[in-house]
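Numbering (our numbering), first residue to last: 463 to 1192.
Some notes on the structure that comes next.
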Amino acid sequence: MKPTTVLLGAILWLSACNGPSPADPGGTWRKDVHPPVAVKKPHDRILFGDTVRDNYYWMADYFSKGPDSLLAVDYLKAENAYLDTMMSKTKLFQDQLFREMKARIKEDETDPPVFKNGYYYYTRKEEGQQYFKYCRRKGDTSAPEEVLLDADQLSAGHPYFSVGAMQISPDNRLLAFSVDTVSRRQYAIYVKDLASGRLITDGLRGAAPGLAWASDNRTLFYTRNNPVTLLTEKIVRHRLGTSAETDKIVYTETDRSNYIGVRRSKSGAYIFISSAGTLSSETRYVRADQPDAAFAVFQKRNPRVLYKVEHQGNHFYINTNWNAKNFRLMECPLDHTDSSHWKEVVPHRPDVLLEDIEVFKDYIVLSERKNGLLNLRVRNTVTGQDHYIDLNGVSYLAYTENNPEYNSNVLRYGYTSLITPASIYAYEMNSRERQLLKQDSVLGGYKPSDYTVERLYVTARDGSRVPLSLVYRKGLKKDGKAPLLLYGYGSYGYSTDDEFSSTNLSLLDRGFIFAIAHVRGGQEMGRSWYEDGKMQKKINTFTDFIDCGDYLVRQQYTSPAHLYANGGSAGGLLMGAITNMRPELWHGVIADVPFVDVVNTMLDESIPLTTNEFNEWGNPKNKEAYFYMKSYAPYENVERKKYPNLLVTTGLHDSQVQYFEPAKWVAKMRTMKMDEKTNMPEDNNVLLLHTNMDYGHGGASGRFDYLKDEALKDVFLFTLEGIQQEYLVD
């Protein structure tokens, strides 16, 4: 019988199908169920003489509330029902894994307090609670506790709840905070009187999360978003006690490829407005004690020049790529900020990327990346002497932590690796002594010594050396039979560093290898690594990942029958590309919130964030960019072929990769998997779409709820490997 077409009130058609498939050794998948098939409504895209038929263009109607909005939601619900039915035999296993992952988390936990302006601030979590309490103690860590914000209480009744920022006024009396209860990254900003507990503002709506107090304790700067495109458009000055309708717009961004934001300098002396895109940036500033003054331009934007400003004493520091591909550190006086007055402090180095700086009264700490790893360099700005913090490990991530106090000689930094839980250190920059303040607890007897970490380099097809990180349980045999999950991202210059994940233990302890391919498009190997994986060189991201997969097979870490891939967002684009390019290499692929409809999304400037992305992917209204993007975009290149087993996830409220991209991709693949004569699937490989109807791009907001999605993905992999449910001792 023919599979049903999804209409309003979509239902699933059941039909008999016997026996386990090669993809399902244990016979776990339900084989008596047909997948939903979305209705086709032809829509032709005609550009540069190229006509492309899109049968699922209508799926984008939910947010515009068009005539097909309910139909789109019904299709997502039908896919969810299909997934639930297909995986119905795994429900107990999913629950077991959820409880197993949750059992590793120490539920009642307090972060090390951090000092600022006379108070020690910290967050603490309570047993059974999804969120946190933001607290402080005056003058001493043993002083009485003051609960400033109870996120557990505020989240009641909201399926999703996220606090974007929390800023204390300079006089310590007011708390400004931003909240998103939809998961669409549109925040409401509130101000709380800490003495009375009263909310002074009833929500400044449609805002980005960031905030900045002026020195008068009554002026607050925030960023207002465009309600349709969600672009950060305006910087607004709000006076406490006045209506939001009277707020003063102090800056409007006209370049739709730039993001804007506002912040107060760590020294407290300045308010900065930053406008930055992929290629250029610009900063404006005003003294924090003169909030009504006009913002001055620090250095007007120049094509292909990025810079970021920090204040220390009688000068500004500037981290910039001006005549320095990997960035260099400059300084200038407070009253002459244009680039003609910049003086070099730390020169450009071809093998070291200067990623960021942390400023203190007498120190700056430079985050430098070399050979894919971050190093922390401490520079005494009084004596001019500097040194590197000693960091050990084959592969790790080190980073400056929460350091709000400007007048301090103590740096807090974080350290983690594939086998080291996240750790926070206090480092005395004068004596060079360090103290471990906290390491995340992993309950259940976890021992790092039970696992092996490797850092390898894979020679890509063009000769580039791609870093590859692996972790697995000791004693693993490299005979090609081990299941291996290869993760990748490779976009926006975001470096995928080696971090510990307690959820990964559920994979490792069942024989999986976990690997990270540090492909081009990230910034692991310097700025060129990023530039060689974007725009007209984007294909390098995909071929690097495939070359890493081939290497792992050649070296017998795994084989195509046991090789899996995972990536999310732009990493989901990577997943879509590799399944089109080399479907036979992967037994299964998990694509989280995947950016797969690249051309159509980049053509629609009303879609959130599109114009910000032109310098990352290209503008398809340009002929060369159009045809290059079309050559790799996953949705454009779906063909009638045998694809690997696929699990695709999305969120209805996703503002970054909207739900209709993965939904359209799955719908199109379903059609291509069907035999044209019999209307039956041509292979036994599964294709599943999971839409979270309450959340957006980042998934669940609670510290336990997201584990349900992790359990679902793990069971998908375990089912493909024939790994069965085990008895769990509570």
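Cβ coordinates follow ideal geometry from the N, Cα and C atoms, glycine included.
Note that the structure is a prediction, hence the values are computed from the model and not measured.
What does DSSP give as the partner residues of S736 in its beta bridges? As a working note, residue 736 is residue 274 in the sequence shown. Paired residues: G723, T745.
Using a 10 Å radius around the Cβ and a threshold of 16 neighbouring Cβ atoms, would you call S550 buried or exposed? On the sequence shown, position 88 is the one that residue 550 refers to. Exposed, because fewer than 16 other Cβ atoms sit within 10 Å of the Cβ of S550.
Please classify D1009: does DSSP put it in a helix, a strand, or coil? Within the sequence shown, numbered from 1, the residue matching residue 1009 stands at position 547. Here D1009 carries a helix assignment [DSSP, helix/strand/coil].
Kindly indicate the opening and closing residues of the beta strand (DSSP E) around I630. For the purposes of this step, residue 630 is taken as the residue at position 168 of the sequence shown. In the DSSP assignment, I630 falls within the beta strand (DSSP E) that extends over 624-630.
With the cut-off set at 8 Å, would you say L1014 and L948 are in Cβ contact? The residue given as residue 1014 occupies position 552 in the sequence shown. The residue given as residue 948 occupies position 486 in the sequence shown. Going by C-beta atoms, L1014 is nearer than 8 Å to L948.
Excluding sequence positions up to five away, which residues of its chain have a Cβ less than 6 Å from the Cβ of N688? Here residue 688 corresponds to residue number 226 of the sequence shown, with the count starting at 1. Exclusion of the five residues before and after N688 leaves E695 as the residues of its chain whose Cβ lies within less than 6 Å of its Cβ.
Strictly by DSSP, which residues pair up with G1149? Counting from 1 along the sequence shown, the entry for residue 1149 is found at position 687. It should be noted that the sequence gives Leu, not Gly, for residue 1149. L1149 pairs with L1108.
Measure the CB-CB distance between G1034 and V1055 and report whether it falls below 8 Å. Here residue 1034 is taken as the residue at index 572 of the sequence shown, counted from 1. Here residue 1055 is taken as the residue at index 593 of the sequence shown, counted from 1. Cβ distance < 8 Å, so G1034 and V1055 count as in contact.
Count the other C-beta atoms from every protein chain shown that fall within 10 angstroms of the C-beta of P765, then say buried if there are 16 or more, exposed otherwise. Taking the first residue of the sequence shown as 1, we reach residue 765 at position 303. It counts as exposed.
R701 CB to nearest heavy atom of the ligand ADP below 7 Å: With respect to small molecules bound, the structure shown includes none, and the ligand ADP cannot be examined in it.
Check whether the segment 1029-1049 touches the segment 995-1005, taking contact to mean three or more Cβ pairs, one atom from each stretch, closer than 8 Å. Yes: the two stretches touch, three or more of their Cβ pairs being nearer than 8 Å.
Neighbourhood of R972 by C-beta distance below 6 Å, restricted to the same chain and skipping five residues each side: Taking the sequence shown and counting its residues from 1, the one referred to as residue 972 is at position 510. Here the set comprises I1185.
Hey, how far is the Cα of D512 from the Cα of T1133? To locate residue 512, count along the sequence shown from 1; it is residue 50. To locate residue 1133, count along the sequence shown from 1; it is residue 671. If you draw a straight line from the Cα of D512 to the Cα of T1133, it is about 23 Å long.
With a CB to CB cut of under 6 Å and the five nearest residues on each side skipped, what residues in its chain are close to Y593? As a working note, residue 593 is residue 131 in the sequence shown. If we look at Y593 and ignore the five residues flanking it on each side, its Cβ neighbours are A613, D614, S617.
Exposure label - L636; buried when at least 16 CB within 10 Å: Walking along the sequence shown from the start, residue 636 turns up at place 174. L636 sits buried, since 16 or more C-beta atoms from the chains shown fall within 10 Å of its C-beta.
Going straight from the alpha carbon of S705 to that of R598, what length do you get? Residue mapping note: residue 705 aligns to position 243 of the sequence shown, counting from 1. Residue mapping note: residue 598 aligns to position 136 of the sequence shown, counting from 1. Approximately 30 Å, taken between the alpha carbons.
For a quick check, are the C-beta atoms of E830 and V814 less than 8 Å apart? For the purposes of this step, residue 830 is taken as the residue at position 368 of the sequence shown. For the purposes of this step, residue 814 is taken as the residue at position 352 of the sequence shown. Against a cut-off of 8 Å, the Cβ pair of V814 and E830 comes out as a contact.
Look at the Cβ atom of F683, then the Cβ atom of I733, and state whether they are nearer than 8 Å. For the purposes of this step, residue 683 is identified with residue 221 of the sequence shown, where counting begins at 1. For the purposes of this step, residue 733 is identified with residue 271 of the sequence shown, where counting begins at 1. Closer than 8 Å, so yes.
Are the Cβ atoms of H505 and D516 separated by less than 8 Å? Numbered from its first residue, the sequence shown carries residue 505 at position 43. Numbered from its first residue, the sequence shown carries residue 516 at position 54. Their beta carbons are under 8 Å apart, which means H505 touches D516 by this criterion.
Applying the 10 Å Cβ sphere with the 16-neighbour rule, what's the burial state of S931? Looking up residue 931 in the sequence shown gives position 469. Buried: at least 16 other Cβ atoms inside 10 Å.
Can you pull the DSSP bridge partners for G1029? In the sequence shown, residue 1029 corresponds to position 567, counting from 1. Paired residue(s): A1053.
Cutting at 7 Å between CB atoms, please list the residues of its own chain near V535, excluding the five before and the five after it. Within the sequence shown, the letter at position 73 stands for residue 535. Answer for V535: Y524, listed in chain order.
Simplified DSSP state of F962, which is helix, strand or coil: Within the sequence shown, numbered from 1, the residue matching residue 962 stands at position 500. Residue state for F962 is assigned as coil, using DSSP reduced to three classes.
Between the alpha carbons of L1174 and A1027, how many angstroms are there, rounded? By 1-based counting over the sequence shown, the position of residue 1174 is 712. By 1-based counting over the sequence shown, the position of residue 1027 is 565. Looking at the two C-alpha atoms, the distance is approximately 15 Å.
Per DSSP, which residues does Q901 bridge with? Please list them. Along the sequence shown, read from residue 1 onward, the residue named residue 901 stands at position 439. In the DSSP assignment, the residues bridged to Q901 are S885.
Per-residue DSSP class, three states only, for H810: Mapped onto the sequence shown, residue 810 falls at position 348. The three-state reading of DSSP puts H810 in coil, since its state is none of H, G, I, E or B.
Assuming L816 and N864 form a contact by the criterion Cβ under 8 Å, report the distance between their Cβ atoms to the nearest whole angstrom. Counting from 1 along the sequence shown, the entry for residue 816 is found at position 354. Counting from 1 along the sequence shown, the entry for residue 864 is found at position 402. Beta-carbon to beta-carbon, L816 and N864 are separated by about 21 Å, too far to satisfy the 8 Å threshold.
Distance, G1080 Cα to Y596 Cα: Working through the sequence shown from its first residue, we reach residue 596 at position 134. Working through the sequence shown from its first residue, we reach residue 1080 at position 618. For Y596 and G1080, the distance between alpha carbons rounds to 42 Å.
Could you check which residue in K568, S677, H620, V644 has the C-alpha nearest to that of R667? In the sequence shown, counting from the first residue as 1, residue 667 sits at position 205. Among K568, S677, H620, V644, the Cα nearest to that of R667 is on V644.
Hey, could you find the ends of the alpha helix (DSSP H) R561 is sitting in? The sequence position of residue 561 within the sequence shown is 99, counting from 1. According to the DSSP assignment, R561 belongs to the alpha helix (DSSP H) that extends over 553-565.
Pair within 8 Å by beta-carbon distance, Y877 and Y887: Here residue 877 is taken as the residue at index 415 of the sequence shown, counted from 1. Here residue 887 is taken as the residue at index 425 of the sequence shown, counted from 1. The answer is yes: Cβ separation under 8 Å.
Taking the alpha helix (DSSP H) that R763 falls in, what are its first and last residues? Numbered from 1 along the sequence shown, position 301 holds the residue referred to as residue 763. R763 -> no alpha helix (DSSP H), and no H or E assigned at all.
Is L836 near L859, with beta carbons less than 8 Å apart? One-based indexing of the sequence shown puts residue 836 at position 374. One-based indexing of the sequence shown puts residue 859 at position 397. A contact, by the Cβ cut-off of 8 Å.
Can you tell which of F1178, L1065, F1166 has its C-alpha closest to the C-alpha of L1108? Sequence index remark: in the sequence shown, residue 1108 carries index 646 (1-based). Considering only alpha carbons, the answer is F1178.
Is DSSP giving V1061 helix, strand or coil here? Along the sequence shown, read from residue 1 onward, the residue named residue 1061 stands at position 599. The answer is helix: DSSP assigns V1061 an H, G or I state.
Expressed to the nearest angstrom, what Euclidean distance is found between the alpha-carbon atoms of Q1187 and L554? Here residue 1187 refers to the residue found at position 725 when the sequence shown is read from its first residue. Here residue 554 refers to the residue found at position 92 when the sequence shown is read from its first residue. Their Cα atoms are separated by approximately 8 Å.
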